[in-house]
């Protein structure tokens with residue numbers, strides 16, 4: 000089974016993805032972890048590395064190519080990244096989008112990173128604008144188009160345990176034999 004979990008920064012996707020992968024014995028591959036490691040290796044914050052990626056498209060394309068290869072070549076994996084649903088496309092059994100209001104997401108990030116809320120909000124807004132611009136330019140992906148997702152939750156409405164419980168129920172209920180089939184994602188240009 001291939002499950003994708005996507006969403007903006009602070010939406011709870013990493014926490015949820017790790018717990019969901021564990022619940023179903025899936026390998027967890029996180030694009031965010033890979034991106035943060037690359038940023039640290041280059042002595043940059045994720046925001047700075049994001050901005051560098053605007054100038055050096057090889058950063059995004061390499062990361063996205065790696066994630067797409069995981070989706071095409073592996074089974075029993077949970078793929079987590081902002082673009083995971085788009086990159087896995089019709090290879091995913093289930094594509095999940097998690098979100099929350101910007102104010103909630105910024106509070107979560109500020110708590111997690113120990114930064115002032117104003118700084119986090121400014122960085123998050125910059126990061127999201129930067130990523131949206133690149134995704135559309137590189138792959139013809141509008142990150143705000145949620146029509147490709149099977150499940151979408153506002154994680155501010157439930158606890159982390161509540162979100163996990165709902166998703167666990169959804170995954171448990173999934174039967175590929177009675178499903179209408181994996182839905183193709185059209186219009187994406189996989190230009191790696």
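Numbering (our numbering), first residue to last: 0 to 191.
Cβ coordinates follow ideal geometry from the N, Cα and C atoms, glycine included.
Looking at residue 4: is its Cβ nearer than 8 Å to the Cβ of residue 97? Counting from 1 along the chain shown, the entry for residue 4 is found at position 5. Counting from 1 along the chain shown, the entry for residue 97 is found at position 98. In this structure, residue 4 lies near residue 97, with their beta-carbon atoms less than 8 Å apart.
In terms of residue numbering, what span does the alpha helix (DSSP H) encompassing residue 192 cover? A query on residue 192 cannot be resolved here, the shown segment of the chain reaching from 0 to 191 and no further.
Which value, in whole angstroms, describes the spacing of the CA atoms of residue 104 and residue 189? The count along the chain shown starts at 1 and reaches residue 104 at position 105. The count along the chain shown starts at 1 and reaches residue 189 at position 190. If you take the alpha carbons of residue 104 and residue 189, they lie about 29 Å apart.
Name the DSSP bridge partner or partners of residue 142? Here residue 142 is taken as the residue at index 143 of the chain shown, counted from 1. DSSP output for residue 142 lists no bridge partner at all.
So what does residue 2 bridge to, in DSSP terms? Reading the chain shown from its first residue, position 3 is the one you call residue 2. Looking at the DSSP assignment, residue 2 forms a beta bridge with 77, 93.
Residue closest to residue 182, alpha-carbon to alpha-carbon, out of 141, 155, 147: As a first step, residue 182 is located in the chain shown; it is residue number 183 there, counting from the start. Out of 141, 155, 147, 147 has the C-alpha closest to the C-alpha of residue 182.
Between which residues of its own chain and residue 78 is the CB-CB distance below 8 Å, once the five residues before and five after are set aside? Within the chain shown, residue 78 is the residue found at index 79, counting from 1. Cβ neighbours of residue 78 beyond the five flanking positions: 1, 2, 3, 4, 28, 30, 66, 69, 70, 86, 87, 91.
Report the three-state DSSP secondary structure of residue 153 (helix, strand or coil). Within the chain shown, the letter at position 154 stands for residue 153. For residue 153, the three-state secondary structure derived from DSSP is strand.
Would you check if the stretch 6 to 21 and the stretch 153 to 166 touch, i.e. whether three or more CB-CB distances between them fall below 8 Å? Three or more beta-carbon pairs drawn from the stretch 153 to 166 and the stretch 6 to 21 are found closer than 8 Å, and the two stretches are therefore classed as touching.
Where does the unbroken beta strand (DSSP E) through residue 28 begin, and where does it stop? To locate residue 28, count along the chain shown from 1; it is residue 29. 26 to 29 is the span of the beta strand (DSSP E), which, as asked, contains residue 28.
Is it buried or exposed for residue 59, if we count other Cβ within 10 angstroms and need 16 for buried? Within the chain shown, the letter at position 60 stands for residue 59. When all chains shown are included, residue 59 counts as buried.
State the Cα-Cα distance for the pair residue 129 and residue 25, rounded to the nearest angstrom. Within the chain shown, the letter at position 130 stands for residue 129. Within the chain shown, the letter at position 26 stands for residue 25. Each residue's alpha carbon lies about 31 Å from the other.
Tell me the DSSP secondary structure of residue 110 in three-state form. As a working mapping, residue 110 is identified with position 111 in the chain shown. Residue 110 falls in the helix class under three-state DSSP.
Could you compute how far the alpha carbon of residue 40 sits from the alpha carbon of residue 49? The sequence position of residue 40 within the chain shown is 41, counting from 1. The sequence position of residue 49 within the chain shown is 50, counting from 1. Rounded to the nearest angstrom, the two C-alpha atoms are 14 Å apart.
With 16 as the cutoff for other CB atoms within 10 Å, does residue 72 come out buried or exposed? Taking the chain shown and counting its residues from 1, the one referred to as residue 72 is at position 73. Answer is exposed; the Cβ neighbour count stays below 16.
So the candidates are 121, 143, 107; which of them puts its Cα closest to the Cα of residue 131? Walking along the chain shown from the start, residue 131 turns up at place 132. Of 121, 143, 107, the residue nearest in Cα terms is 143.
Taking C-alpha atoms, which residue in 22, 62, 35, 94 lies nearest to residue 184? Residue numbering aside, residue 184 sits at position 185 when the chain shown is read from its first letter. Among 22, 62, 35, 94, the Cα nearest to that of residue 184 is on 94.
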